[in-house]
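Those sequence lines, one after another, are chains C, E and P. So for the first sequence, numbering that gives the first Met the number 0 puts the first residue at 0; every next one is plus one. So for the second sequence, numbering that gives the first Met the number 0 puts the first residue at 0; every next one is plus one. So for the third sequence, numbering that gives the first Met the number 0 puts the first residue at 0; every next one is plus one. The next block holds one structure in the form of structure tokens; read it before the comments.
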Amino acid sequence: MSPETQMYLAQGIHGLAYGMLLFLVASGLTLIFGMMGILNIAHGAFFMLSAYLCVTVLGATGSYWLSLLIAPLGVALLGILVERFMLRRAQASGMGHIAELLLTLGVSLVLAEAVKLTWGTEGLQVNVPSALAGLVNIAGLEYPIYRLFIIVLSLVVLALLSLVLFKTRLGTIVRAAVSDPGMVSALGVNTQIVFMLVFGLGSWMAGVAGVAAAPILTVFPGLGDQIGMDAFVVVVVGGFGSLFGALLAALFLGELNAFGIQFIPKLSPVLMFSFMALVLAFKPTGLFGERE
Amino acid sequence: MKRPVVWLAGALAVLAAIPFVFGPLHTNLMVRLAIEALFAVSLNLLLSYTGLLSFGHALYFGVGAYGAALILTHLQGIPILVAVLLSALAAALVGLVLSPLLVRVRATAFTMLTLAFGQLMFVLCSKFREVTGGEDGIMGWTTPPLALPGLFSLDLRQPVNIYFFAVGLACLGILAMWFFTKTPMGSVMISIRDNQKRVDYLGYQVVLTKAVIFCFSGFFAGLAGAVYAVFNNLVSVGGVLHIMVSFQPLMAILVGGIGTFFGPILGSGLLLLLEEVTQAYPELALMISGVIFILVVMFLPGGAISFGARLRAWWRKRAYLRKARESEA
Amino acid sequence: MRVLQRTIWWGVAATVLLGVTLGTGPAQAAGAARGFNASAVADMTGFDPAKFENPSGDVVKIGVLAPFSGDAASVGQIYWATGTWVASDINRRGGITVDGKKKKIALIKGDTMGKPANTKQAVEKLCLQDKVDVLWGTAGSHLTAIIQAEADKYKKLHLNSGSLSDTLMEGKAFTPYTFQHIWTTHSVGATLAKFFATRQERKFYILNQDYVFGHELAESFKAGLKKYVPDAQIVGEDFHPLFNKDFAPYLTKVKASGAEMIFTGDWIPDSSNLLKQSRQMGINLPVAGIFLDDINGLIAVGPEGSKGLVFASELLINFQDGIQHKWHEAWKTWAAPYNTPLYEWLGSTTGAYAESLYWLLDAMERAGSADAEKVIKVWEGDEWTGLIGQKLTMRACDHRVVRDTYVTEFVSPNKWYKDCAFMDKITTIPAEFVTLPQPKDSSRCK
Numbered sequence: 000m001s002p003e004t005q006m007y008l009a010q011g012i013h014g015l016a017y018g019m020l021l022f023l024v025a026s027g028l029t030l031i032f033g034m035m036g037i038l039n040i041a042h043g044a045f046f047m048l049s050a051y052l053c054v055t056v057l058g059a060t061g062s063y064w065l066s067l068l069i070a071p072l073g074v075a076l077l078g079i080l081v082e083r084f085m086l087r088r089a090q091a092s093g094m095g096h097i098a099e100l101l102l103t104l105g106v107s108l109v110l111a112e113a114v115k116l117t118w119g120t121e122g123l124q125v126n127v128p129s130a131l132a133g134l135v136n137i138a139g140l141e142y143p144i145y146r147l148f149i150i151v152l153s154l155v156v157l158a159l160l161s162l163v164l165f166k167t168r169l170g171t172i173v174r175a176a177v178s179d180p181g182m183v184s185a186l187g188v189n190t191q192i193v194f195m196l197v198f199g200l201g202s203w204m205a206g207v208a209g210v211a212a213a214p215i216l217t218v219f220p221g222l223g224d225q226i227g228m229d230a231f232v233v234v235v236v237g238g239f240g241s242l243f244g245a246l247l248a249a250l251f252l253g254e255l256n257a258f259g260i261q262f263i264p265k266l267s268p269v270l271m272f273s274f275m276a277l278v279l280a281f282k283p284t285g286l287f288g289e290r291e
Numbered sequence: 000m001k002r003p004v005v006w007l008a009g010a011l012a013v014l015a016a017i018p019f020v021f022g023p024l025h026t027n028l029m030v031r032l033a034i035e036a037l038f039a040v041s042l043n044l045l046l047s048y049t050g051l052l053s054f055g056h057a058l059y060f061g062v063g064a065y066g067a068a069l070i071l072t073h074l075q076g077i078p079i080l081v082a083v084l085l086s087a088l089a090a091a092l093v094g095l096v097l098s099p100l101l102v103r104v105r106a107t108a109f110t111m112l113t114l115a116f117g118q119l120m121f122v123l124c125s126k127f128r129e130v131t132g133g134e135d136g137i138m139g140w141t142t143p144p145l146a147l148p149g150l151f152s153l154d155l156r157q158p159v160n161i162y163f164f165a166v167g168l169a170c171l172g173i174l175a176m177w178f179f180t181k182t183p184m185g186s187v188m189i190s191i192r193d194n195q196k197r198v199d200y201l202g203y204q205v206v207l208t209k210a211v212i213f214c215f216s217g218f219f220a221g222l223a224g225a226v227y228a229v230f231n232n233l234v235s236v237g238g239v240l241h242i243m244v245s246f247q248p249l250m251a252i253l254v255g256g257i258g259t260f261f262g263p264i265l266g267s268g269l270l271l272l273l274e275e276v277t278q279a280y281p282e283l284a285l286m287i288s289g290v291i292f293i294l295v296v297m298f299l300p301g302g303a304i305s306f307g308a309r310l311r312a313w314w315r316k317r318a319y320l321r322k323a324r325e326s327e328a
Numbered sequence: 000m001r002v003l004q005r006t007i008w009w010g011v012a013a014t015v016l017l018g019v020t021l022g023t024g025p026a027q028a029a030g031a032a033r034g035f036n037a038s039a040v041a042d043m044t045g046f047d048p049a050k051f052e053n054p055s056g057d058v059v060k061i062g063v064l065a066p067f068s069g070d071a072a073s074v075g076q077i078y079w080a081t082g083t084w085v086a087s088d089i090n091r092r093g094g095i096t097v098d099g100k101k102k103k104i105a106l107i108k109g110d111t112m113g114k115p116a117n118t119k120q121a122v123e124k125l126c127l128q129d130k131v132d133v134l135w136g137t138a139g140s141h142l143t144a145i146i147q148a149e150a151d152k153y154k155k156l157h158l159n160s161g162s163l164s165d166t167l168m169e170g171k172a173f174t175p176y177t178f179q180h181i182w183t184t185h186s187v188g189a190t191l192a193k194f195f196a197t198r199q200e201r202k203f204y205i206l207n208q209d210y211v212f213g214h215e216l217a218e219s220f221k222a223g224l225k226k227y228v229p230d231a232q233i234v235g236e237d238f239h240p241l242f243n244k245d246f247a248p249y250l251t252k253v254k255a256s257g258a259e260m261i262f263t264g265d266w267i268p269d270s271s272n273l274l275k276q277s278r279q280m281g282i283n284l285p286v287a288g289i290f291l292d293d294i295n296g297l298i299a300v301g302p303e304g305s306k307g308l309v310f311a312s313e314l315l316i317n318f319q320d321g322i323q324h325k326w327h328e329a330w331k332t333w334a335a336p337y338n339t340p341l342y343e344w345l346g347s348t349t350g351a352y353a354e355s356l357y358w359l360l361d362a363m364e365r366a367g368s369a370d371a372e373k374v375i376k377v378w379e380g381d382e383w384t385g386l387i388g389q390k391l392t393m394r395a396c397d398h399r400v401v402r403d404t405y406v407t408e409f410v411s412p413n414k415w416y417k418d419c420a421f422m423d424k425i426t427t428i429p430a431e432f433v434t435l436p437q438p439k440d441s442s443r444c445k
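And the structure:
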């Protein structure tokens, strides 16, 4: 392979890896939105918190795999508590969506500050687990194994999610509740518990993404800001509540980022928001969404 | 008819006395309040009166602020009021240009579209540093005095003068918006919030009304931005176009009381007060704000303005019960 | 009771120290230049920035302008920790003699939140309400420009220890109340270029943060290369967003460009992420920069990954030097949560911050007054020996420091850290090569 082709191949895989990480964050966000109509602004903060929990679990046990298991569960638990004790009350306030938006904004502010008080303001580091360190040869291109692992991990989570959504009774209820929560409730299903579980599941996915991202990034209080915004764009472009749309949009934005940096680095950040505005202007529901 | 006049005169007298009673520090605080309140009320026109939640109102604020900075830097000798009005008009123009896209969408899609435009403007202005100065922004221009030739000339660097300039413009702007909500078009606006389809069927121009509201709201947000520029004598991307600039008035509306006209003004005041109080513990400031937002949403969804009504209701209930007990006895 | 006991104890300690200082006094007067005296530093046992208490009574007030909240709160923490360290040292020594009596140092926070409007408010509060004697700050030239304008308005001394911009002290922006202690972007570019003139690398890739400072540094590096390494090539130049997540697309371009060295002005977390991700991708190109002393980030890439990095600074502690070593030992006594490499390593940031305060307070003591006009008179043209024994001159006409600068290449093993490569040999770049020329447009500089 010529060095040039290798470079483009590398950019392609970079786009894929970042896109899949983005999907992992965005899928939780879109799931919550599709089900409950809530745009969770604290989603990025959950991502960040999970990376910090990863640092702590790693410090205590020395095992990255254990932190991959525990940290997202901790975040999921927090998500469930936020849903049960705060969001439910906010939804009952009759202020519409602004209540949820500001409540989750409040939660994200509190989390960012709580993290500083607990772990300090300095950047912390997580190493790539030794089993995944190093490079692998893809048709002559030396590529870091860990980035491939992120792609695989996202695919596994996607597969698990699809399994739950399309093959279990809970999934049937969730999908039904997405299209008509009132009817599902009338059929005798306790939608409140379903909502709580979905919120927990969505937060768990942000948590998985946080742990997955920790080894390639410095863990600091602002960790979730940028990725939270990117995930927002993915959800909007893909269509609110559409998992498939989020997957496509995440991959597209990942590649747009990689090749944007390759060819037009000066305009790279402008591209994303231009694309978002363009999609919304012509299809207000996003590419694959049905709900506004 | 007489009471409101007395109230108004009293309020004006208090406003006029403030810079002479307090020092320059607190006078400046009032200038900030004027800017924040004007900005929040302009956003509230969309939120409480048209039912549209915007995440990108900083766009208009930023255009107004950058407009004023650029005009005052490059067009020397232009009267200050003309500069400020031109900047506000520029913001209104942005509203007009975007309205063909914005009128089509509602609910979350509207929120996201405004977010996209707001962020796009933020990124673009960060990129075009030659014009905007990027993070450094534009600063240090000479602000012309507020003058009527032959009559008076006020140096706007003096806290007292900038106070009357800012508070005066903010009061005029807020009054104009207040009257707008009372016009027939204001009523159509509220009806759009309640049921857009029905308004359409009744033969009103939904699209046109919305476009006018965007321009109108954008104009006053731009005015707030222009006053901000004059007051601070500096404008930067992070200070006027950042997403938190869009969130700030939303918080003011929520804390003050959503669905009311005066809530956002009260909310702006309370937020500034909160900032002043937490200044001594900067490490905890954001944490405290976060907790307060959560508490307001959960326990006081009507905002601070509803607190008075609640208190009154509680008081009446108490008085009633006491009376009932007394009559029983 | 304990407070009283402690006071007496410190009183005794201060007297002893004073005696020591007086004892060495005549020798200094005989010829040695004025400057920082490492052996005069008080016993700092038990010092804790979080428990710093302002002395009461007649004090010298310093307003600390830094982001104490928000995403950049770590910067505020560094300012506060360093400021309280210096203030505690001086206070434990009894204070400085001003207006004919000993005055202690008080520090007051002014939270900039990293935003322009908040910075302006913070300065106003410090000047009008707290009535500070000195404004001390801050990172970010856009914020420093504001403080500078306000300092001029309120006629307050302003010490800039955090903004490197070349233009802050030029043209209309100049004010006699501001002193820029920190080096400038021009010096950074010149320092590294002068260093590379003696080495093999000729192909450079510039990878900086996409904001004013990043662009200024890139320009200064290019200008420096043009002057000192005319045959150098810039094989690529990219600007990434602040707090960037994925550096891989940039690094792939760097690799394809055939660069021998990456130049970056990034600070943490970007600098650490750039380093970490490049090593993970098997790209072991050396990186040259001025914020590479983030020990956590260096340890994350290990001795192999951090080997060969080129680090430039206006202040580097030399481990071999006895006095410097002793001073560093004294400096290292931090209480939790400050007992991290960031604070224990008397690095370019903390060290330069501390140095600027020591110099200011010394100038104040010699002026015999905290009055801005009197301090300005003493400080202008002042020659002083800095923290590591280097000669500093406060240039009278534009209030910028003339000083040597330092470059080092990280090696492993080294005397500092065993888990990462770090400095060993230090190359001094003489002031004449790196100092920003005096502004031509100024009537003060003739």
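Even for Gly, the Cβ is constructed at its ideal location relative to N, Cα and C. Everything numeric in this text was worked out from a predicted model, so none of it was measured.
Here glycine 50 of chain E has Arg192 as same chain residues with Cβ atoms under 6 Å from its own Cβ, once five neighbours each way along the sequence are excluded.
Between the beta-carbon of threonine 110 of chain E and that of serine 53 of chain E there is about 7 Å, and that keeps the pair under the 8 Å contact cut. For aspartate 110 of chain P, the secondary structure class from DSSP, reduced to helix, strand or coil, is strand. DSSP lists P/Gln232 as the beta-bridge partner residues of lysine 202 of chain P. Residues of chain P whose Cβ lies closer than 8 Å to the Cβ of valine 233 of chain C do not exist, since the nearest Cβ in that chain is about 14 Å away.
Listed in chain order, the alpha helix (DSSP H) runs fully inside the region 111-167 of chain C are 144-166, counting runs of at least 4 residues. Straight through space, the alpha carbons of alanine 65 of chain P and threonine 332 of chain P are spaced by roughly 24 Å. Judged by DSSP in its simplified three-state form, threonine 208 of chain E adopts helix. Shown here for leucine 391 of chain P: same chain residues with a beta carbon closer than 6 Å to its own, the five before and five after excluded, namely Trp383, Gly385, Val400 and Arg402 in chain order. Interface annotation for the region 286-309 of chain E against chain C: Met286, Ser288, Gly289, Val290, Phe292, Ile293, Val296, Met297 and Pro300, criterion Cβ-Cβ distance under 7 Å. Counting the other CB atoms within 10 Å of its CB gives phenylalanine 281 of chain C a total below 16, which places it among the exposed residues. Taking the Cα of valine 133 of chain P as reference, the smallest distance to any Cα among P/Gly139, P/Ile298 and P/Ile146 is reached at P/Ile146. For valine 234 of chain E, no chain C residue has a Cβ inside 8 Å of its Cβ, as the nearest lies near 21 Å away. Around the beta carbon of phenylalanine 262 of chain C, fewer than 16 other beta carbons sit within 10 angstroms, so the residue counts as exposed.
Within the region 138-154 of chain P, Gly139, Ser140, His141, Ala144, Ile145, Ala148 and Lys152 place their CB atoms closer than 9 Å to a CB of chain E, listed in sequence order.
Along the region 402-433 of chain P, there is no position whose C-beta sits under 8 Å from a C-beta of chain E.
In the three-state scheme derived from DSSP, where H, G and I count as helix and E and B as strand, glutamine 128 of chain P is classed as helix.
Sixteen is the threshold: since fewer than 16 other Cβ atoms of the shown chains lie within 10 Å of the Cβ of aspartate 199 of chain E, the residue is exposed. Nearest C-alpha to leucine 125 of chain P among P/Gly113, P/Leu142 and P/Glu149: P/Glu149. One finds Glu121, Gly122, Leu123, Gln124 and Thr217 in chain C with Cβ atoms closer than 9 Å to the Cβ of asparagine 295 of chain P, taken in chain order. Closest in alpha carbon position to threonine 434 of chain P, among P/Ser219, P/Gly82, P/Lys252 and P/Asp237, is P/Ser219. A contact is defined here as three or more CB-CB pairs under 8 Å, and the region 98-107 of chain C meets this definition with respect to the region 37-48 of chain C. Within 10 angstroms of the beta-carbon of histidine 327 of chain P lie 16 or more other beta-carbons, which makes it buried. When secondary structure is reduced to three states using DSSP, methionine 0 of chain C falls in the coil class, being assigned neither helix nor strand. Valine 374 of chain P: member of the alpha helix (DSSP H) spanning 371-378, first to last residue. Secondary structure at tyrosine 337 of chain P: coil, using DSSP grouped into helix, strand and coil. Contact with chain E is found for glutamine 128 of chain P, since one of that chain's Cβ atoms lies less than 8 Å from the residue's Cβ. Annotation for glycine 240 of chain C: Thr29, Phe32, Gly33, Val177, Gly288 and Arg290 place their beta carbon closer than 7 Å to its own, counting only its chain and skipping 5 residues before and after. Secondary structure within the region 135-198 of chain P: the beta strand (DSSP E) runs of 3 or more consecutive residues, fully enclosed, are 156-159 and 177-179 (chain order).
Between the region 296-310 of chain P and the region 265-283 of chain P, the count of Cβ pairs shorter than 8 Å is three or higher; the stretches touch.
Between the region 1-19 of chain E and the region 127-139 of chain E, the count of Cβ pairs shorter than 8 Å is below three; the stretches do not touch.
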